[in-house]
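Trainee:
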Amino acid sequence: MPSTRVRGSSCFVLLSLATALGCGSSGGDEPASTPTPAPSATPGFANARGFVLSSFGFVFPEGSGDACPGGFNRGPIEMQAAGETPLPDDCLDPTANDDPGFKTLDTTGTLDGLDIDDTVSRRDDAQQCAHDDFPAPGGPAGVDDQLWRAIGCIRGFQDGDVVESVVDGAVRDGSMTILVDVQGVDDPVNDDDVRVQVFSSRDAPPLGGDGSVLPHGTLSIDPDARYHSSVASGRIENGVVIAGPLDIRIRLNIQIVVGDLSFRDAYVRLELQPDGSARGGIFGFAPLEDVYEIFGRQAGTIGGKEALGYTCSGLYAALTSQADGHFDDASGRCSSLSTAYRFDGIPAFVAR
Amino acid sequence: MKRALSRRTLLRGMAGGAAIAIGLPLLDVFLNEHGTALADGGALPVRFGTWFWGCGINPERWQPTKEGPGYDLPVELAALDGLTEHVSVLSGFGVTLDGRANIPHWTGVMSTLTGSVPAREFDVDVPTLDTIVARQIGAATRFRSLEMSATGIPGQSYSREATSIVNSSTVSPLELYTRIFGPGFADPNDASFEPDPRTLLRKSALSAVMADATRLERQLGSHDKQRLDQYLTSLRQLEQQIQVSLTPPDLDACTKPAAPGGEDVGSDLERAIATHDLMSELLVAALLCDQTRVFNMLFSWGTSELRKQGTDTAHHQLTHDEMVDPQLGYQPRATEFALASMAAWASFVRRLASTPEGAGTLLDSCLVLGHSESSFAKSHSVVGLPVMLAGHAGGRVRAGVHVAGNGEPVTRIGLTVQQAMGLTVESWGTRGMEATRPVSEVLA
Amino acid sequence: MRTPLRAALALLLVVATACGGGSGGGSTIAPPLDPPVTQPDPPVVDAGPVAMRRLTESQYRATVADVLGEDVIVAGRFEPDNRVSGLLAVGASNVSVTPAGFEQYDAIARAVAAQALDPAHRAALVPCQPSGATDDACASAFIGGVGRRLLRRPLADDELPPWLAVARDAGAELVDFHAGLEVALAALMLSPEFLFRVEASEYDPARGGDRLTSLAMASRLSFFLWNTTPDEELLAAGERGELTGDAGLAAQADRLLDSPRLEATVREFFADIYGFDAIEQGLVRKDPALFPAFSQDMIHDAEEQTLRVVAEHLLTEDGDYRELFTTRQSFMTRTLGLVYRVPVRSADGWEPFSFPADSGRAGVLTHVSLLALHSHPGRSSPTLRGKFVREVILCQDVPPPPGNIDFSMFADDAAQNRSTARGRLEAHVASPACAGCHNLMDPLGLALERMDGIGVERDTENGQQIDPSGQLDGEAYDDAPGLGVTLAKHPQLSPCLVDSLFKYAVGRDPVEGERAFRGYLQERFAASGYKLRELLRLIVLSDAFRTTSGPRAASGSASAAPQQTTAVTVQPGDLS
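Protein chains in written order, with our numbering: chain A, 1 to 352; chain B, 353 to 796; chain C, 797 to 1372.
(1) Assign CYS129/A to one of three DSSP states: helix, strand, or coil.
(2) Could you check how far apart the C-beta atoms of ALA745/B and VAL398/B are, in whole angstroms? I think they sit under 8 angstroms.
(3) Give the DSSP-derived three-state secondary structure of THR503/B in the structure shown.
(4) What number of angstroms, rounded off, separates the C-alpha of SER1171/C from the C-alpha of SER1165/C?
(5) Within 8 angstroms of any Cβ in chain A, is that where the Cβ of GLY1041/C sits?
(6) Just grab the DSSP bridge partners of ILE302/A for me.
(7) Is there a Cβ from chain B that is less than 8 angstroms from the Cβ of GLY1005/C?
(8) At 3 residues or longer, and completely inside the stretch 623-653 of chain B: list those beta strand (DSSP E) runs for me, N to C.
(9) Using beta-carbon positions only, say whether GLY303/A and CYS312/A come within less than 8 angstroms of one another.
(10) Pick from GLY325/A, ARG352/A, TYR341/A, VAL257/A: whose alpha carbon is nearest that of ASP367/A?
(11) With a CB to CB cut of under 6 angstroms and the five nearest residues on each side skipped, what residues in its chain are close to ALA243/A?
(12) Write down the C-beta distance between ASP1083/C and GLN661/B rounded to the nearest angstrom, noting that I regard them as a contact closer than 8 angstroms.
(13) Of all the options PRO547/B, LEU572/B, ALA711/B, which has the alpha carbon lying nearest to the alpha carbon of GLU998/C?
(14) Where does ILE455/B land, buried or exposed, given buried means 16+ other C-beta within 10 angstroms?
(15) Is ASP210/A close to chain C, meaning its C-beta is less than 8 angstroms from at least one C-beta of that chain?
(16) Do GLN1288/C and GLN1192/C have their beta-carbon atoms positioned less than 8 angstroms apart in this structure?
(17) Buried or exposed: which applies to SER440/B, given that a residue is buried once 16 or more other Cβ atoms fall within 10 Å of its Cβ?
(18) Starting from LEU1134/C, find everything on chain A with Cβ-Cβ shorter than 7 angstroms and list it in chain order.
(19) Drop a sphere of 10 angstroms on the beta-carbon of PRO708/B, count the other beta-carbons inside from all chains shown, and report buried for 16 or more, exposed for fewer.
(20) In angstroms with no decimal places, state the Cα-to-Cα distance between LEU634/B and ALA610/B.
(21) Do PRO94/A and TYR316/A have their beta-carbon atoms positioned less than 8 angstroms apart in this structure?
(22) Report yes if the C-beta of LEU864/C is less than 7 angstroms from at least one heavy atom of the ligand ATP; otherwise report no.
(23) Which chain B residues are close to ARG1175/C, counting only those with a beta carbon under 9 angstroms from its beta carbon?
(24) What does the alpha-carbon distance come out to for the pair THR788/B and GLY747/B?
(25) First and last residue of the beta strand (DSSP E) that includes TRP403/B?
(26) Check each candidate in ASP344/A, GLU271/A, VAL258/A, ILE154/A and name the one with the smallest Cα separation from GLU78/A.
(27) Which whole-angstrom value describes the C-beta separation of VAL749/B and LEU714/B, a residue pair presumed to lie in contact below a C-beta threshold of 8 angstroms?
(28) Mind checking PRO351/B: buried by the 16 CB within 10 Å criterion, or exposed?
(29) Between LEU970/C, PRO1306/C, ASP953/C, THR1343/C, which has its C-alpha nearest THR1009/C's C-alpha?
(30) Grouping DSSP H, G and I as helix and E and B as strand, with all else coil, what is SER1355/C?
(31) Leaving aside the five residues before and after ARG279/A along the sequence, list all residues of the same chain whose C-beta is less than 6 angstroms from its C-beta, in chain order.
(32) Quick check on DSSP: helix, strand or coil for ALA787/B?
(33) Ignoring anything shorter than 4 residues, give me the alpha helix (DSSP H) runs that lie fully in the stretch 1120-1160 of chain C, in order along the chain.
(34) Consult DSSP for THR339/A and reduce its assignment to one of helix, strand or coil.
(35) Mind reading off the beta-carbon distance from ALA340/A to GLY281/A? Whole number of angstroms is fine, and I expect it under 8 angstroms.
(36) Specify, as a first and last residue, the run of the beta strand (DSSP E) that ASN253/A falls within.
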């Protein structure tokens, strides 16, 4: 667990600044006509704050510099358009090719993530899997997001592009329903002992006529216990929940890609809003092979690399080279990549 | 004169040539009417309709100052720009209460339509104007009349035979389409049209139903006899309808329209306007195919529930709660709905005026009574009700004049309408509302 | 006849001094008045007239299901039923059939007949194999059998030939025996004796007055207790003349009362008085931007919730009627859980749910169904809700607004507190012309203001705290559950139910000669602990149900009903 100073976000740099900066709220809110709803008194739901995610996606770096000075990576379509013949690229055996020249992210922008390994590192450090951390907005370095280093120069993953809209839609249409449950909340503003769990659900979130996710629905956790994260202890400080580490597995069944979104040793952060909703993030290590399973073995073989703009061998090489977590003695290299995801959560009853 | 066509029509209805006794004397009468009026290209039928909007207008911003032809268009009548030659404005006709209560949002409309000031809310002792006209001219068509409402509640209709006998409104364009142009419609442009052999069988089966009803009548009391009478009238209308459906209308202007989608209906203004547009389009097609000659269109109910999407207060509520703006001199939000209603009325009239039929337009042979249940809704005023007559009624009315009623009973207009539609009636209405003189300025 | 307000107040004072009632939180209700030591016989009844009663949509559907098959689909838009004296069941004895309505019945009947005679269904209805495209004997058997069930009486010998001719001609024309039967069946379903329940009467020499015939009693019993056409056993008992005798009637009445099918009538009756036909027809609409959680699914679930609670409490638990206004027991689906903001474990379907003691909800007045129905598309309406309580729950007349209202009192907007409904409605009670009626309605609706236009709970409106306290005819309450407790003790509460149920049973307003009997019903109802089954039994075995003064005469103008309403959701004159 990182030290008590939770890093990586302007909100957390100094606790004393947190309230002054009006963290987590849009500042100067008028009292809403519906106050933050009290937890239900029904047994099993007392003192719980549940959420169903209404949007989900990568945290993008902000700020200076051209993150991909060499341009975006090229998938088969771009190559053909440039009059080149795409190289043989076997997504089921991505190491068969020699170095495919994949471009990884090279930015000095800030990233509103978390210093997951509680270390400020640089690429040329002596330790294994050394990598460049990102600076946090308005402050110190140390934020880990090696997954973004790896895929950040792929066109389809950019802010506003295909992956973002598909994933954001998926959490709302039942393809990838994610529940976050905070239990043991005696005081929603400051509480030094809460428990957080993340679940998949087979239910789709309730939607209003305008497509927004409606609050106060009940959703059941996935019957398969593999999609129940471990229980993490946490605390609430000035309305911000932070808990971890958690191992999380989220089921996804998006279009025809079926797989798991997994995290090891992740931290969950939620900023509780006055209207009862939450804004937050998941920061943890994504197992390299799980990431490749989705984008290489599945999406890659059905047109994903053409649509998003990468080659499987290039992607695999980038993931391998950028991995920064869970060093595996047998293979002699790191087997996971730090990641930063952000989400919005709508109040929901998480039924177990 | 029986035409050869009528015998051919009978024969076409008997598939395989097997004769089936029909034996209803009405058959010849209406076939004749249906045939001669239309098939030989004779005079087009005159159609009558009502068009109602709720919660009136602001009289001082609506009423023209000039009488006679070429009247001026104050701001709340401006929507009629370009249509004044087709529309007569009858201002200043109202209700003489004669000691009875002014039932809010009810007395004005029911006095206009029944000739009597109602004694109680929802009680309607006498038939409304449209049903009187329909009895006269609705016998020959597939539908005696068509009732439509743009705000989505079927029970909202001012068309009544008597208490509890309400001709409810169709509220969905798709339903209206299905009813008129669905399975029962004989499409004149369908070269392969063959009447369904079951159709005539259905009609003869109704004789057995009629016999049953006649047997029942003997054991009924007077209350139920009246109701059975209404039931029999409706049964005969169904027979009429079945008969008409055997022959496609021989009308140049008749074309089966495209089906509308299944859009939602509701009382928010945008939706009401869209529903009104769709249903008006279908109504025009129905008139051109002579499916009916009488119609009632409700743009909004007397307690107008029209409401802007996303706002919490409807038209009617605003007329009472909203303050008159001291600068403007009227209630701004409520008046928006009055203007929208006038715009919808104008679009309705314009649609009839721009639909070709015969040598002229559909409007030439129509007479449409545009009216509301109050003049100034905030005070439920039934003085100077806003009334308009659109159309030329086949030459029987003089359109395009402004007549100032000067406090005369609004029943004079109902009397005028009946005379224009060919009813021989000298007076109409009761007590202080009895009208003995029509508004001759609008009669040709 | 509804008790004028003054009489109700007088009665309240008498009750208040005569017995100490509990008050305060929880569901303490004053115990019933001591039952009389001896059970007196019912008073003599001089019953009112009969009139033919048009089948309501639900009765039509139930009849088709029972006679022609449960899986036969009834599709089409029925002419709206008419509400008179607060009940569609009373309006049914005033309506006829309009041309458009007849057209619809014809379309529905043809579609039903086609299904009933299709190869899959015909075996159940046609008791013989035809010898060809026409077969008079077989057709007679069919028409006689189905006609008896549809017209609710056996067909006379001279009635059969015309129907037979229809079947024969059609069978010959279409070269298909069953198609011929189909045409006959579709026409039978247009017969006035199918569409209307003709309540025939005959002279009873023993009484010296008219009574309903045994067959008419079969229909009355069945439609009153099961909301459907008489089943074979009941119809046969009717044919054998058993239902004009005490023993025969009691036997069938008890059979119907003991059956689970009794629930159909409980649902139908409460749906009628609560105005749920508007929900059924999809006429309850709300602004989507202001109420994103509203949907037709949700409001239909809400209706079902209320009817389940009523049926569970009054039938399954044989509960005290008054507790409908205080009970915290309910049922939930996930769709409703969204609106009530409570967790619902069952992913599909219904589960029981109890509101906690400190929640703002208790009793049917806090149900989403009634709250959303008696509101506007854009906001709640204390006046509509209060009017509902007065007129439907307490049977107290609220006169319509006067015509010549001076609305200038609303001119000075700024000076008045308009953030909450209470503030906006204060102008109503400030003016003497408005206060009389609005004081009856508004305070009751204001108790429910902590639930918005679709029934979602809220503490504030436009930033201002909502105050739900008030008083009902002198009894104070602090909030909506408190209103329920007060209502449960109101002396008009159970007489109103008795009267409504009586009108529902006979399909008309009561007449003077039935006044004493209604008082008797009220006493027995109270003595029984306000149990519905007992009330139903007393009604069906009474002279008021079995006898009549004869066929109703046409009235000069309107019928005898003092108040008539059409089945629309918004009434002319409504302001708030």
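The C-beta atom is built at its ideal place from N, Cα and C for all residues, glycine as well.
Mentor: In short, the structure shows the following:
(1) Sequence index remark: in the first sequence, residue 129/A carries index 129 (1-based). If DSSP states are grouped into helix, strand and coil, CYS129/A belongs with coil.
(2) By one-based count along the second sequence, residue 745/B stands at place 393. By one-based count along the second sequence, residue 398/B stands at place 46. About 5 angstroms separates the two Cβ atoms, so the contact holds.
(3) Stepping through the second sequence from its first residue, residue 503/B is reached at position 151. If DSSP states are grouped into helix, strand and coil, THR503/B belongs with coil.
(4) Within the third sequence, numbered from 1, the residue matching residue 1171/C stands at position 375. Within the third sequence, numbered from 1, the residue matching residue 1165/C stands at position 369. Roughly 10 angstroms between the two C-alpha positions.
(5) Here residue 1041/C corresponds to residue number 245 of the third sequence, with the count starting at 1. Not one chain A Cβ lies under 8 angstroms of GLY1041/C.
(6) Residue 302/A sits at position 302 when you count from the first residue of the first sequence. Looking at the DSSP assignment, ILE302/A forms no beta bridge with any residue, so it has no partner.
(7) In the third sequence, residue 1005/C corresponds to position 209, counting from 1. No, GLY1005/C lies away from the interface with chain B (no Cβ there is under 8 angstroms from its Cβ).
(8) 646-650
(9) Along the first sequence, read from residue 1 onward, the residue named residue 303/A stands at position 303. Along the first sequence, read from residue 1 onward, the residue named residue 312/A stands at position 312. No.
(10) The structure shown has nothing for residue 367/A, since chain A only spans 1 to 352.
(11) Locating residue 243/A in the first sequence gives position 243, where the first residue counts as 1. Excluding positions up to five away in sequence, the list reads VAL196, ALA232, GLY234, VAL268.
(12) Residue numbering aside, residue 1083/C sits at position 287 when the third sequence is read from its first letter. Residue numbering aside, residue 661/B sits at position 309 when the second sequence is read from its first letter. With a Cβ gap of about 6 angstroms, ASP1083/C and GLN661/B count as contacting.
(13) The residue labelled residue 998/C in the question sits at position 202 within the third sequence. That would be LEU572/B, whose Cα lies nearest to the Cα of GLU998/C.
(14) Here the question's residue 455/B lines up with position 103 in the second sequence. ILE455/B comes out buried.
(15) To locate residue 210/A, count along the first sequence from 1; it is residue 210. Yes, its Cβ sits closer than 8 angstroms to a Cβ of chain C.
(16) The residue labelled residue 1192/C in the question sits at position 396 within the third sequence. The residue labelled residue 1288/C in the question sits at position 492 within the third sequence. Yes. Within cutoff.
(17) Counting from one through the second sequence, the residue named residue 440/B turns up at place 88. Classification for SER440/B: buried.
(18) The residue labelled residue 1134/C in the question sits at position 338 within the third sequence. Simply PRO206, LEU214, HIS216, GLY217.
(19) Your numbering for residue 708/B matches position 356 in the second sequence. Label assigned to PRO708/B: exposed.
(20) Mapped onto the second sequence, residue 634/B falls at position 282. Mapped onto the second sequence, residue 610/B falls at position 258. The alpha-carbon atoms of LEU634/B and ALA610/B are separated by roughly 9 angstroms.
(21) Within the first sequence, the letter at position 316 stands for residue 316/A. Within the first sequence, the letter at position 94 stands for residue 94/A. Closer than 8 angstroms, so yes.
(22) What this structure holds is no ligand at all, so the ligand ATP is not there to describe.
(23) Counting from one through the third sequence, the residue named residue 1175/C turns up at place 379. What ARG1175/C touches in chain B: ASP664, THR665.
(24) As a working note, residue 788/B is residue 436 in the second sequence. As a working note, residue 747/B is residue 395 in the second sequence. Going from the Cα of THR788/B to the Cα of GLY747/B covers about 23 angstroms.
(25) For the purposes of this step, residue 403/B is taken as residue 51 along the second sequence, with counting starting at 1. Run containing TRP403/B: 399-404, per the beta strand (DSSP E) assignment.
(26) On the first sequence, residue 78/A is found 78 positions in, with the first residue counted as 1. The shortest Cα separation from GLU78/A among ASP344/A, GLU271/A, VAL258/A, ILE154/A belongs to ILE154/A.
(27) Within the second sequence, the letter at position 397 stands for residue 749/B. Within the second sequence, the letter at position 362 stands for residue 714/B. Incorrect: roughly 15 angstroms between the Cβ atoms, too far for contact.
(28) This structure leaves residue 351/B out entirely; chain B is present only between 353 and 796.
(29) Residue 1009/C sits at position 213 when you count from the first residue of the third sequence. Minimum Cα distance to THR1009/C is reached at THR1343/C.
(30) Taking the first residue of the third sequence as position 1, residue 1355/C is located at position 559. Its pLDDT being 42, under 50, SER1355/C is placed unreliably in this model, and the value from its coordinates should be taken loosely. Looking at SER1355/C - three-state DSSP - the assignment turns out to be coil, as it is neither helix nor strand.
(31) Start at 1 with the first residue of the first sequence, and residue 279/A comes out as number 279. Answer for ARG279/A: GLU271, ASP344, listed in chain order.
(32) By one-based count along the second sequence, residue 787/B stands at place 435. DSSP places ALA787/B in strand when its eight states are reduced to three.
(33) 1130-1136
(34) By one-based count along the first sequence, residue 339/A stands at place 339. Strand.
(35) Residue numbering aside, residue 340/A sits at position 340 when the first sequence is read from its first letter. Residue numbering aside, residue 281/A sits at position 281 when the first sequence is read from its first letter. The pair is a contact, with the Cβ atoms about 6 angstroms apart (cut-off 8 angstroms).
(36) Here the question's residue 253/A lines up with position 253 in the first sequence. 240-254 is the span of the beta strand (DSSP E), which, as asked, contains ASN253/A.
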